[in-house]
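Take any residue in the sequence shown, note its place counting from 1, add 6, and you have its number in this note's numbering.
Glycine is no exception: its CB is placed at the ideal position from the N, C-alpha and C atoms.
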Amino acid sequence: MSRRRRHAHPRGLSILETLVTAAVLMLGILGILLTLGTASRHNRRNNNLGQASLIAEQELERVVNLRCVGEPLSDPCVNIKQLDNTGRDVWWSANGRMSETPPVPGAPPRMAYALRLDVDPPFEGAETGEPALSRAIPLPHASNLAPHQVINVRVTVSWQEAPGAPRRAVALQTRMAP
7 MSRRRRHAHP RGLSILETLV TAAVLMLGIL GILLTLGTAS RHNRRNNNLG QASLIAEQEL
67 ERVVNLRCVG EPLSDPCVNI KQLDNTGRDV WWSANGRMSE TPPVPGAPPR MAYALRLDVD
127 PPFEGAETGE PALSRAIPLP HASNLAPHQV INVRVTVSWQ EAPGAPRRAV ALQTRMAP
């Protein structure tokens, strides 16, 4: 009876079973690491998109607050038209502050954004916008605005997420009239 009990013990794991188990475990860990890397890239991209959108909103609000102050009959929005094809670079830091000065060496990293304004008319080509700026705009309790009294203001904010990567952009626009 004692002889039988000696041979009844399980034989344990073979080296092949151990290697297969380790390979499956490594594949699982690799899958998790790839998922975390992808999630991190998407999170960074969404953060950059959110910052660019906020910069564009702030700039568009700044321009709208300037209001059209030109001569009502000839060129009511001359002050806004002067902003056509202007722009500046801004930097956004991790602490949530925007700056118009480049970061100094050793400072916390900041993302660089290029902010550009386009005011139509004047049109740079055959563009007229959709719906066309030249259409009559009915206003309640007022007469229609003449086409030269309406302008389209577009703010574009672009950035590059990594060296060599394509530039991404956010554009917001509005129409203004006296």
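Quick check on residue i: does DSSP put it in helix, strand or coil?
i	result
R103	coil
Q88	coil
G18	coil
E65	helix
G59	Note that residue 59 corresponds to Ser in the displayed sequence, not to Gly. Reduced to three states, the DSSP call for S59 is helix.
V30	helix
E167	coil
With distances taken Cα to Cα, identify the nearest neighbour of residue i among the options.
i	options	result
L55	P184, Q166, A183	Q166
S105	D95, G43, D126	D95
L123	R68, R103, C74, S99	R68
P172	A29, T24, R51, L33	R51
R174	V26, S59, I157	S59
Report back the beta-carbon spacing between residue i and residue j to the nearest angstrom; my notes put them in contact at under 8 Å.
i	j	result
I61	M182	Incorrect: roughly 20 Å between the Cβ atoms, too far for contact.
T162	L66	In fact, because the Cβ distance is near 10 Å, the residues do not count as touching under 8 Å.
Classify residue i: buried if its beta carbon has 16 or more other beta carbons within 10 angstroms, exposed otherwise.
i	result
Q155	buried
P169	exposed
P82	buried
Q88	exposed
I157	buried
V84	exposed
V26	exposed
Would you list the residues sitting across from residue i in a DSSP beta bridge?
i	result
A118	W97
S46	For S46, which the question treats as bridged, DSSP gives no partner whatsoever.
T162	R122, A177
I35	According to DSSP, which records beta bridges pairwise, I35 is partnered with nothing at all.
E77	D81
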